[in-house]
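Participant:
Protein chains in written order, with our numbering: chain A, 5 to 278; chain B, 658 to 945.
Now the structure itself:
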């Protein structure tokens, strides 16, 4: 464990301070000359702040969306009904299916010429012209966030459903006898029980979305204002074969992530004490 | 009518509506994928909004093109399927070989730092794979492992191991120690206890972990892209499919046929073991 994960982490940090290119890779030692130029280059390449901002919007949007949809899903399949197992299983499909396949289906569905969404939109919703969802700046980021929420709501769904089923039935029964309506019971009985799980999901999903590479890379390739930090790391690594800069960018990613998680945890532990 | 009744009735209908719309948003994309893969591309261009394939229109030409080998003008997916299969099975088996004893040790034996293990797992599990990817890229380039399936298997093990150990550890902890102690009194050695008592009891969750590892390895994309991209005969299905769209004008129907081939094994495995997995997944954390 330590060997496979720990060493690479340290090495990334070291690489971030070295001048390494793919061509010079074989010559560079672990303790070479150290330099800040990678960070300088990363921070001053145009678009650095935009990328960070995009990543933040993407993570918050994706986290929020997946938790809200997951909560709704968990609430509707909480009680038994005919076909419940099937419904539950199909709700997990977006999560277990291979990312490459589902990203392509979305791409084709949203395609301006062939896509079913634009065809139906023009036929039934009266759109004047097809909307290039994934290639225009005004919609691309939102589409990617919607994809993220769609693909990861099952994750929130599983956690929330497990918690909902652990809420004792007497609690709700007592509230019902006291005259609480269904929405009141949700607000005052279920929601307080779910809050810790929701808070945990918030951290987990935020971290995972913040680091996400596949989804954005496959849907838009980082174009149309959707370049997130991990896609940028990849660009540095492959297109420019600038390993030092890629590592520096990755370190920036990790540091920003740690800062956000720390703020979040502080906020939540403070609220718990209050 | 009082508020309670109004709410109850409204919510009952709302619930049915919501369930129906969930079925649509989760299943429709997969159905659409299937429909497109069996329609001729000319028909698709004329009528992109149709979700029904007239019987006479059914065609498997997209599949034959995807599966035919590259020399015969196809996309050579058979080789990709073989590669993905080898990598996923190897990664799953090796992960189990390491994680079963590891998880057992963490759950049963006392050793220094045992309490910190959970935190360590969580940290590893949440760590950005793109950050780990860079040094691995460097090491593998140096060691000559970049471009080999064996290297990819190694990386996948590092991805599946933390979660596997964590899930199995949680399960081993639910097996009462008294069971093992009574086996010990009956004269069984430590190894005998593990093989005859603990492992059979843990079989369902080992299955769940195995399926889960297989899915991670089969679906993985980033590392395959980084390590194998210049070796076309070693591409996995995910990678081959993703590069298909970059190539010279490939019809969408072929793209969808490839997607079906990539998705099908996972969906079959998933529905075959749904109950096992749903329970297994919530008992351990998982990577998304």
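Cβ coordinates follow ideal geometry from the N, Cα and C atoms, glycine included.
Since the structure is predicted, the reported quantities are computational estimates derived from the model, not experimental observations.
Inspect the beta-carbon positions of residue 220 of chain A and residue 232 of chain A and report whether they are closer than 8 Å.
Facilitator: As a working note, residue 220 of chain A is residue 216 in the first chain. As a working note, residue 232 of chain A is residue 228 in the first chain. Against a cut-off of 8 Å, the Cβ pair of residue 232 of chain A and residue 220 of chain A comes out as a contact.
Participant: Might you give, ordered along the chain, the residues of its own chain that have their beta carbon closer than 8 Å to the beta carbon of residue 943 of chain B, omitting 5 neighbours on each side?
Facilitator: As a working mapping, residue 943 of chain B is identified with position 286 in the second chain. For residue 943 of chain B, the predicted structure reports a pLDDT of 40, less than 50, and the residue's modelled location is therefore unreliable. A value from the coordinates is still provided. Cβ within range, chain order: 820, 869.
Participant: Assuming contact is defined by CB atoms lying nearer than 8 Å, are residue 264 of chain A and residue 205 of chain A in contact in what I supplied?
Facilitator: For this step, residue 264 of chain A is matched to residue 260 along the first chain. For this step, residue 205 of chain A is matched to residue 201 along the first chain. The answer is no: Cβ separation not under 8 Å.
Participant: Quick one, which of B:923, B:849, B:928, B:918 has its alpha-carbon nearest residue 721 of chain B's?
Facilitator: In the second chain, residue 721 of chain B corresponds to position 64, counting from 1. Selected option, being the one with the closest Cα: B:918.
Participant: Measuring only between beta-carbons, confirm whether residue 230 of chain A sits less than 8 Å from chain B.
Facilitator: Start at 1 with the first residue of the first chain, and residue 230 of chain A comes out as number 226. Answer no: the Cβ-Cβ gap between residue 230 of chain A and chain B never drops below 8 Å.
Participant: In chain order, which alpha helix (DSSP H) runs of at least 4 residues are fully inside the segment 175–245 of chain A?
Facilitator: Listed in chain order, the complete alpha helix (DSSP H) runs (minimum 4 residues) inside the segment 175–245 of chain A are 186–189, 195–215, 218–223, 233–242.
Participant: Hey, is residue 875 of chain B's beta-carbon within less than 8 Å of any beta-carbon in chain A?
Facilitator: In the second chain, counting from the first residue as 1, residue 875 of chain B sits at position 218. Interface residue, yes.
Participant: Quick one: does residue 119 of chain A have its CB under 8 Å from some CB of chain B?
Facilitator: On the first chain, residue 119 of chain A is found 115 positions in, with the first residue counted as 1. Closer than 8 Å: yes.
Participant: Determine the chain A residues that contact residue 899 of chain B at a beta-carbon separation under 7 Å, and present them in chain order.
Facilitator: The sequence position of residue 899 of chain B within the second chain is 242, counting from 1. Result: 104, 222.
Participant: With a cut-off of 8 Å, do at least 3 Cβ pairs link the segment 837–850 of chain B to the segment 68–79 of chain A?
Facilitator: With the cut-off at 8 Å, the segment 837–850 of chain B and the segment 68–79 of chain A do not touch.
Participant: For residue 34 of chain A, which three-state DSSP category applies?
Facilitator: Along the first chain, read from residue 1 onward, the residue named residue 34 of chain A stands at position 30. Residue placement at residue 34 of chain A is poorly supported in this model, since its pLDDT is 49, which falls under 50; the coordinates still yield a value, given next. Three-state result, residue 34 of chain A: coil.
Participant: Kindly indicate if chain A contains any beta-carbon less than 8 Å away from that of residue 675 of chain B.
Facilitator: Working through the second chain from its first residue, we reach residue 675 of chain B at position 18. Answer yes: the Cβ-Cβ gap between residue 675 of chain B and chain A drops below 8 Å somewhere.
Participant: Three-state secondary structure (DSSP) at residue 715 of chain B?
Facilitator: Here the question's residue 715 of chain B lines up with position 58 in the second chain. Looking at residue 715 of chain B - three-state DSSP - the assignment turns out to be coil, as it is neither helix nor strand.
Participant: Whole angstroms are fine: how far does the CA of residue 179 of chain A sit from the CA of residue 665 of chain B?
Facilitator: Here residue 665 of chain B is taken as the residue at index 8 of the second chain, counted from 1. Here residue 179 of chain A is taken as the residue at index 175 of the first chain, counted from 1. One C-alpha to the other measures close to 14 Å.
Participant: Tell me the start and end of each unbroken alpha helix (DSSP H) in the segment 786–818 of chain B that is at least 4 residues and wholly inside, in chain order.
Facilitator: Counting only runs of 4 or more, we get 786–800.
Participant: What in chain B is Cβ-close to residue 124 of chain A, meaning under 7 Å?
Facilitator: Reading the first chain from its first residue, position 120 is the one you call residue 124 of chain A. Simply 706.
Participant: Terminal residues of the continuous alpha helix (DSSP H) containing residue 89 of chain A?
Facilitator: Against the first chain, residue 89 of chain A aligns to sequence position 85. Looking at the DSSP string, the run of the alpha helix (DSSP H) that includes residue 89 of chain A is 88–100.
Participant: At what residues does the alpha helix (DSSP H) containing residue 169 of chain A begin and finish?
Facilitator: One-based indexing of the first chain puts residue 169 of chain A at position 165. Counting along the chain, the alpha helix (DSSP H) containing residue 169 of chain A begins and ends at 141–170.
Participant: Give every residue of the same chain whose Cβ lies closer than 6 Å to the Cβ of residue 267 of chain A, excluding the five residues on either side of it in the sequence, and list them in chain order.
Facilitator: Working through the first chain from its first residue, we reach residue 267 of chain A at position 263. Counting only Cβ-Cβ distances below 6 Å, and skipping sequence neighbours, we find nothing.
Participant: Does DSSP classify residue 131 of chain A as helix, strand or coil?
Facilitator: What you label residue 131 of chain A is simply residue 127 of the first chain in a count that begins at 1. Here residue 131 of chain A sits in coil by DSSP.
Participant: According to DSSP, is residue 695 of chain B helix, strand or coil?
Facilitator: The residue given as residue 695 of chain B occupies position 38 in the second chain. DSSP places residue 695 of chain B in coil when its eight states are reduced to three.
Participant: Note down, in chain order, each residue of its chain lying with its Cβ closer than 8 Å to the Cβ of residue 226 of chain A, except the 5 sequence neighbours on either side.
Facilitator: Within the first chain, numbered from 1, the residue matching residue 226 of chain A stands at position 222. Taken in chain order, the residues that qualify are 220, 232, 235, 236, 239.
Participant: Which residues of chain B have a Cβ atom closer than 7 Å to the Cβ of residue 185 of chain A, listed in chain order?
Facilitator: As a first step, residue 185 of chain A is located in the first chain; it is residue number 181 there, counting from the start. In chain order: 660, 661, 664.
Participant: Starting from residue 111 of chain A and walking both ways along the alpha helix (DSSP H), at which residues does that stretch end?
Facilitator: Counting from 1 along the first chain, the entry for residue 111 of chain A is found at position 107. It spans 103–113 - the alpha helix (DSSP H) in which residue 111 of chain A sits, taken as one unbroken run.
Participant: For residue 893 of chain B, does the three-state DSSP call read helix, strand or coil?
Facilitator: Position 236 of the second chain, counted from the start, is the residue given in the question as residue 893 of chain B. Coil, per DSSP.
Participant: Could you work out which residues of chain C lie near residue 931 of chain B, taking near to mean beta carbons separated by less than 7 Å?
Facilitator: The displayed structure is made up of protein chains A and B, and chain C is not among them.
Participant: Which two residues bound the contiguous alpha helix (DSSP H) that contains residue 66 of chain A?
Facilitator: Stepping through the first chain from its first residue, residue 66 of chain A is reached at position 62. That run of the alpha helix (DSSP H) goes 52–80.
Participant: Quick check: what's the CA-CA separation for residue 877 of chain B versus residue 161 of chain A?
Facilitator: As a first step, residue 877 of chain B is located in the second chain; it is residue number 220 there, counting from the start. As a first step, residue 161 of chain A is located in the first chain; it is residue number 157 there, counting from the start. Using only the alpha carbons, I get a separation of about 23 Å.
Participant: So what does DSSP say about residue 878 of chain B, is it helix, strand or coil?
Facilitator: One-based indexing of the second chain puts residue 878 of chain B at position 221. Note: residue 878 of chain B maps to coil in three-state DSSP.
Participant: CA-CA distance, residue 172 of chain A and residue 76 of chain A?
Facilitator: Within the first chain, the letter at position 168 stands for residue 172 of chain A. Within the first chain, the letter at position 72 stands for residue 76 of chain A. Whole-angstrom Cα-Cα distance: 20 Å.
Participant: Report back the beta-carbon spacing between residue 738 of chain B and residue 894 of chain B to the nearest angstrom; my notes put them in contact at under 8 Å.
Facilitator: Translated into the one-based positions of the second chain, residue 738 of chain B becomes position 81. Translated into the one-based positions of the second chain, residue 894 of chain B becomes position 237. About 6 Å separates the two Cβ atoms, so the contact holds.
Participant: So that I know if they touch, is there some Cβ in chain B lying closer than 8 Å to that of residue 110 of chain A?
Facilitator: Walking along the first chain from the start, residue 110 of chain A turns up at place 106. Yes, contact with chain B.
Participant: Measuring alpha carbon to alpha carbon, tell me which residue in A:55, A:52, A:88, A:63 is nearest residue 672 of chain B.
Facilitator: Reading the second chain from its first residue, position 15 is the one you call residue 672 of chain B. Among A:55, A:52, A:88, A:63, the Cα nearest to that of residue 672 of chain B is on A:88.
Participant: Name the chain B residues that come within less than 7 Å of residue 62 of chain A, Cβ to Cβ?
Facilitator: The residue labelled residue 62 of chain A in the question sits at position 58 within the first chain. Correct list: empty, because the minimum Cβ distance to chain B is about 14 Å.
Participant: In this structure, how does DSSP classify residue 267 of chain A when only helix, strand and coil are distinguished?
Facilitator: The residue given as residue 267 of chain A occupies position 263 in the first chain. Three-state DSSP puts residue 267 of chain A in a helix.
Participant: Name the chain B residues whose beta carbon is nearer than 7 Å to that of residue 77 of chain A?
Facilitator: To locate residue 77 of chain A, count along the first chain from 1; it is residue 73. Neighbours of residue 77 of chain A on chain B, chain order: 679.
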